[in-house]
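Sequence lines, in order, name chains R and D. At position 123 of the first sequence (counting the first as 1) the number is 123 in my numbering, and the numbers step up by one without a gap. At position 11 of the second sequence (counting the first as 1) the number is 1011 in my numbering, and the numbers step up by one without a gap. No residue lacks a Cβ here, since even glycine has one placed at the ideal position from N, Cα and C. Scroll down for the structure; my scribbles are underneath it.
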Amino acid sequence: MDITEINESLIRTPLYSAHIDLNARITPFAGWEMPLQYSGILNEVKAVREHSGLFDVSHMCRVRIVGAGASDFIQYLTSNDSHRLTNGTGQYSLLLNDQGGIKDDILQFRLSEDEFFLILNAGNTRKDLDWILSHMPASVSLEDITRETAMIAWQGPDALKQCASLLKLDYPPLDRYQIKKLIYKNQTLLISRTGYTGEDGCEITAPADFASILWREIMEIGATPCGLGARDTLRIEAGFPLYGHEIEEDVFPREAGLSWAVILDKGKFIGSDAIIENNREKAEKRLIGIMGTDKTIPRQGYPIIADERKVGFVTSGTYSPTLERGVGIVRVNAPYAKAGRTIFVEIRGKLYPVTTIEKHKMLSLSKGD
Amino acid sequence: MSIPENLKYTNSHEWLQIDGDVATIGITDHAQAELGDIVYLELPEAGRVLQKEEVFGTVESVKAVSELYSPVSGEVIETNAPLCDATETINKDPYNTAWLLKVKVSKPDELNDLMDAKAYSKLIEE
Chain R
1 MDITEINESL
11 IRTPLYSAHI
21 DLNARITPFA
31 GWEMPLQYSG
41 ILNEVKAVRE
51 HSGLFDVSHM
61 CRVRIVGAGA
71 SDFIQYLTSN
81 DSHRLTNGTG
91 QYSLLLNDQG
101 GIKDDILQFR
111 LSEDEFFLIL
121 NAGNTRKDLD
131 WILSHMPASV
141 SLEDITRETA
151 MIAWQGPDAL
161 KQCASLLKLD
171 YPPLDRYQIK
181 KLIYKNQTLL
191 ISRTGYTGED
201 GCEITAPADF
211 ASILWREIME
221 IGATPCGLGA
231 RDTLRIEAGF
241 PLYGHEIEED
251 VFPREAGLSW
261 AVILDKGKFI
271 GSDAIIENNR
281 EKAEKRLIGI
291 MGTDKTIPRQ
301 GYPIIADERK
311 VGFVTSGTYS
321 PTLERGVGIV
331 RVNAPYAKAG
341 RTIFVEIRGK
351 LYPVTTIEKH
361 KMLSLSKGD
Chain D
1001 MSIPENLKYT
1011 NSHEWLQIDG
1021 DVATIGITDH
1031 AQAELGDIVY
1041 LELPEAGRVL
1051 QKEEVFGTVE
1061 SVKAVSELYS
1071 PVSGEVIETN
1081 APLCDATETI
1091 NKDPYNTAWL
1101 LKVKVSKPDE
1111 LNDLMDAKAY
1121 SKLIEE
C-alpha cells in the first residue's frame, strides 16, 4: 500500500516500538515518524502542568563540536555569548544568516573548552549542518550523534524530583541550563535542566539501545507519555517561539523579542554587522501574545484586525487547556504590539476580540498572578 | 470503531438518522477519534435553510479545525445548542447525546446518495 511506501522514507526514533505499544497516534514530522498523542492532548497537557510528562524528542538534531578551536567557533557561529559559559552549562542561542535573519534557534552547551553540544530543530537539520560545516575551521570537527542516541524530555512540577529519585541524584539534580554526563546502569547519559513547556524539568540524551528501558522506567515512576500535539500546545501557552511560525530566515531577532540572545558587544559574529545596521531603523513588526475571551481558537495565518484594517496575523494558535480559552502568538505592526489592548482575530469571516499580553505571561494567569 | 447499522453516512464523516422527513445529523465515531479532544463547536441558527454539501458549522479539537457539511438540503428545525458548552460529549457519545442538528429534508432524493454502514466502514478502512 501507498502508506507503507511513504513511511519507508521516514525515520523512526529508537522509541518507535514503545509508542506503538502505547497505541500512540503516529504522524510524519520533519522526516520522522513521531507520536502525535497517546491518551489525548488535554490529558497530556494537564499531566505536564500538574505532575510530569515525558516526550520523545529524538528527532531533534544533536551534534558535538569538538577541537581546539571549538569555543571560538561557537562564539562566531551563534549570537549568544558562549564565552560566558563555564564547563557543564548551556544557553539558548540563535544561528543567524548573513542578513541578520534567524536561521534557527538552538541550545548550546559547553561540555569542556574543546567540546560543545548543540541541539538543533529537526526541520532545520540539513540546512543547519550545511551552514555549520561551511563555516567550520580545520581545527574543529562535528559529530552528529542524533541517530545513535535518543532524547527524552521530562517536564512538569514533579519531573525533577522523579528524575533525582530514578537516577539516584540529589535534589535538585541540576541548576537551570546546567548539563551533566552521568553513568546510569552502565550507560552514559547526558542530562540538562532545559525544556520547552514552561515547566521545570530536564532533557536526557541516552544511547539508542537503552532508550526504551529508560522510557519505561520514567513512565513507571509516574510520568505521562506526551506527544508532539501536547508539546506544541504547551510551548504556545508558555509563549515560546517555534521556527517556521514565530521565527524564520527573514525575521530579525528583535522582531521576535529575541534581542536578549544576541550579544553585540562580544565582537563580530555571523550576522552581527547586519543586525547593527538593522538596529538603526525602527522595527516594523513585533510579536505579542493574545488571549481570547471564550473558546474561539486563533489559528496560524488568521488575520489580526485593529482600527478597521489588517495589522498582522497569527503565527501560532491553539486552544489552551490550562487557561480554558483560545490563545496565540501574533505578528503585528509594532504600534499594536503592546500588552493590554483589545484587537480582533478574523475567524471564518467574523471578528473576535482578543486581549494582547506579553507572550511569556500567558501562563502566569493560570497561576493566579 | 462504532458504525451503527441503522444510520446513513457521508464521505465527509457525518451520520444521519432518518425519521420521516426529518434527518438528525452528527459526526461519526471515526471523525471524533481523528480530531482528538473536541473543544469548540459552532452550529447554525434554527430556521436557516441549508443546501446539500453547504458548510453548516465548525468543529475544532486542540490542534485541528474541521468544517461540517450538510448531507442534505433543508431547513434547520432544531440544534443541539447545549453541546457547544459540553463539546467533550462529541468524543464520548457521538451517535446519541451528541447529535448536532435536525433538518427538515426538502429533497428526499438526496438521501439515495448516502452510504449505508457497510459502505462507510469500507471507506474508513481505506
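Top-ranked residue by Cα proximity to residue i, from the options
i	options	result
Ser272/R	Glu148/R, Gly90/R, Leu96/R and Val45/R	Leu96/R
Phe29/R	Gln37/R, Asn23/R and Leu22/R	Gln37/R
Glu1075/D	Pro1082/D, Gly1047/D, Thr1087/D and Leu1068/D	Gly1047/D
Ala375/R	Ser17/R, Ala274/R, His83/R and Ile329/R	Beyond the ends of chain R as shown, which are 1 and 369, falls residue 375/R; an answer cannot be given.
Ile1077/D	Asp1021/D, Glu1126/D and Lys1052/D	Asp1021/D
Glu44/R	Pro225/R, Leu182/R and Leu118/R	Pro225/R
Thr1024/D	Asn1006/D, Gln1032/D, Val1039/D and Gly1036/D	Asn1006/D
Tyr1040/D	Val1105/D, Ala1081/D and Tyr1095/D	Ala1081/D
Val327/R	Ile236/R, Trp154/R, Gly31/R and Thr149/R	Ile236/R
Val1103/D	Pro1071/D, Ala1119/D and Ile1038/D	Pro1071/D
Ala256/R	Thr356/R, Asp105/R and Thr125/R	Asp105/R
Ser58/R	Glu324/R, Asp250/R, Asp144/R and Ser259/R	Asp144/R
Ala1033/D	Tyr1095/D, Lys1107/D and Val1105/D	Tyr1095/D
Glu1045/D	Lys1052/D, Lys1063/D and Leu1100/D	Leu1100/D
Ala337/R	Glu358/R, Phe344/R and Thr318/R	Glu358/R
Gly123/R	Ile247/R, Pro298/R, Thr355/R and Ala261/R	Ile247/R
Limits of the alpha helix (DSSP H) - the one that residue i falls within
i	result
Met362/R	Met362 to Ser366
Ala1211/D	There is simply no residue 1211/D to check, as chain D begins at 1001 and stops at 1126 in what is shown.
Trp215/R	Ala211 to Glu220
Gly229/R	Leu228 to Glu237
Asp273/R	Ser272 to Asn279
Tyr16/R	Tyr16 to Asp21
Ser134/R	Thr125 to His135
Arg49/R	Ile41 to Glu50
Gln1032/D	Asp1029 to Leu1035
Segment limits, beta strand (DSSP E) that includes residue i
i	result
Gln75/R	No beta strand (DSSP E) contains Gln75/R, which is instead part of the alpha helix (DSSP H) from Ala70 to Leu77.
Asn1091/D	No beta strand (DSSP E) contains Asn1091/D, which is instead part of the alpha helix (DSSP H) from Glu1088 to Lys1092.
Gln1051/D	Taken as a continuous stretch (DSSP letters only), Gln1051/D belongs to no beta strand (DSSP E), as it is neither H nor E.
Gln1017/D	Glu1014 to Asp1019
Ile343/R	Thr342 to Ile347
Gly67/R	Cys61 to Gly67
Cys1084/D	From DSSP, Cys1084/D is part of no beta strand (DSSP E); its letter is neither H nor E.
Gly1074/D	Gly1074 to Thr1079
Ile357/R	Lys350 to Ile357
Spatial distance of residue i from residue j (CA atoms)
i	j	result
Ile305/R	Tyr352/R	9 Å
Asp1029/D	Thr13/R	30 Å
Asp175/R	Arg193/R	7 Å
Asp2/R	Val1065/D	At Asp2/R, the pLDDT of 40 sits below 50, so the modelled position is not reliable; the number obtained from the coordinates is stated separately. Each residue's alpha carbon lies about 26 Å from the other.
Ser141/R	Ile11/R	25 Å
Gly301/R	Phe313/R	6 Å
Ala230/R	Met60/R	17 Å
Glu1060/D	Asn279/R	41 Å
Gly90/R	Met1001/D	48 Å
Asn23/R	Pro35/R	9 Å
Glu5/R	Ile263/R	With a pLDDT of only 47 at Glu5/R, under the threshold of 50, the placement of this residue in the model should not be trusted; the figure read from the coordinates follows. Cα to Cα, Glu5/R sits roughly 47 Å from Ile263/R.
Asp72/R	Ile290/R	40 Å
Asp369/R	Asp158/R	With a pLDDT of only 46 at Asp369/R, under 50, the local geometry of the prediction cannot be trusted, and the value read off the model is given with reservation. Distance between the alpha carbons of Asp369/R and Asp158/R: 21 Å.
Leu1123/D	Tyr1009/D	10 Å
Gln1017/D	Pro241/R	46 Å
Leu77/R	Asp170/R	35 Å
Ser113/R	Gly244/R	The displayed chain sequence assigns Glu, not Ser, to residue 113/R. Taking the straight line from one Cα to the other gives about 33 Å.
Leu1114/D	Pro1108/D	11 Å
Gly126/R	Cys1084/D	What sits at residue 126/R in the sequence shown is Arg, not Gly. Whole-angstrom Cα-Cα distance: 45 Å.
Gly88/R	Arg110/R	6 Å
Ser259/R	Ala283/R	12 Å
Val1055/D	Phe344/R	23 Å
Contact belief for residue i with residue j at Cβ below 8 Å, rounded distance in angstroms
i	j	result
Met374/R	Glu203/R	Residue 374/R is absent from the model: chain R starts at 1 and stops at 369.
Thr322/R	Leu287/R	With 8 Å as the limit, Thr322/R and Leu287/R do not qualify as a contact, their Cβ atoms being about 20 Å apart.
Leu1068/D	Thr1058/D	7 Å
Item to check | beta strand (DSSP E) segments (min. 3 residues) lying fully within the segment 78-120 of chain R | outcome: Scanning the segment 78-120 of chain R from its first residue to its last, the whole beta strand (DSSP E) runs of 3-plus residues come out as 89-96, 102-112 and 115-120.
Item to check | Inside the segment 143-191 of chain R only - alpha helix (DSSP H) runs reaching at least 4 residues | outcome: Runs of the alpha helix (DSSP H) spanning 4 or more residues and lying entirely within the segment 143-191 of chain R occur at 159-167, in chain order.
Checklist entry - Enumerated in chain order, which unbroken segments of the beta strand (DSSP E) with a length of 3 residues or greater are wholly contained in the segment 315-340 of chain R? => result Taking only runs of at least 3 residues, the beta strand (DSSP E) segments lying wholly in the segment 315-340 of chain R are 325-333.
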